[in-house]
Amino acid sequence: MSASRPWYEVEPEAPALTDEERAAAEAERERRRAKNRHDRKVKDARADKLRDDLLAILAPEGLCAKCGIKPYQYLLQIDHVNGRQGWQPRDYDRVTRYKRYWKEYEAGVELRALCDGCNGGHLNNRNRKRK
Ligand SMILES: [Zn+2]
């Protein structure tokens, strides 16, 4: 092999993976996927608990603060009576968001639980204008 040949001609081909190496790589990928699934589950459960604990205070009967209906628990949403102060729910993941609601609640910010309809129906129609 001449040294004057370009690198891509001189570069030896990557050795093929053995069956064991391939299996090990696949096992590693699966391990990582399982960990991600697990982490997501833990995070979801944590967010659910933060939300449910706060809703249990805001709406112990599970009723909407405006129309008084009792929607399914997950349809009750936390609403700022006087508007959110400079942040958007989409700016944070669920855990951070509910921690933020908690912080605001503890700081005396007025919060209430609304059904999806009274809260603008974001769940059913994200593009509808808020009344
Ligand atoms: Zn309502």
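Whatever position you read off the sequence shown (first residue = 1), add 282 for our numbering. Positions of the beta carbon are idealized from the N, C-alpha and C atoms, including for glycine. Remember, it's a predicted structure, so these values are computed and weren't measured experimentally.
Let me make sure I understand the geometry here. Which of the options has the alpha-carbon closest to that of residue i?
{"i": "G365", "options": "L393, N318, Y354", "result": "L393"}
{"i": "D375", "options": "I351, R333, G399", "result": "R333"}
{"i": "K348", "options": "D361, A329, Y290, A389", "result": "D361"}
{"i": "V363", "options": "G403, A395, E343", "result": "A395"}
Alpha carbon to alpha carbon, what distance is there between residue j and residue i?
{"i": "E310", "j": "V377", "result": "28 Å"}
{"i": "A341", "j": "R313", "result": "41 Å"}
{"i": "K385", "j": "C397", "result": "22 Å"}
{"i": "E295", "j": "R287", "result": "15 Å"}
{"i": "V324", "j": "R379", "result": "16 Å"}
{"i": "Y387", "j": "N318", "result": "31 Å"}
{"i": "R315", "j": "P297", "result": "27 Å"}
{"i": "G344", "j": "L357", "result": "10 Å"}
{"i": "L336", "j": "A389", "result": "14 Å"}
{"i": "K331", "j": "E303", "result": "42 Å"}
{"i": "H320", "j": "D326", "result": "10 Å"}
{"i": "W289", "j": "K381", "result": "55 Å"}
If contacts are defined as beta-carbon pairs under 8 Å, then residue i and residue j qualify, I think. What distance do you get, rounded to the angstrom?
{"i": "N401", "j": "Q359", "result": "5 Å"}
* Asked: In chain order, which alpha helix (DSSP H) runs of at least 4 residues are fully inside the region 354-410?
  -> Within the region 354-410, the complete alpha helix (DSSP H) runs of at least 4 residues fall at 376-388.
* Any heavy atom of ligand 1 within less than 5 Å of residue CB: hits in chain order -> So the residues near ligand 1 by this Cβ test are C346, K348, C349, C397, C400.
* Every unbroken beta strand (DSSP E) inside the region 292-332 [3 residues or more] -> Whole beta strand (DSSP E) segments, 3+ residues: zero.
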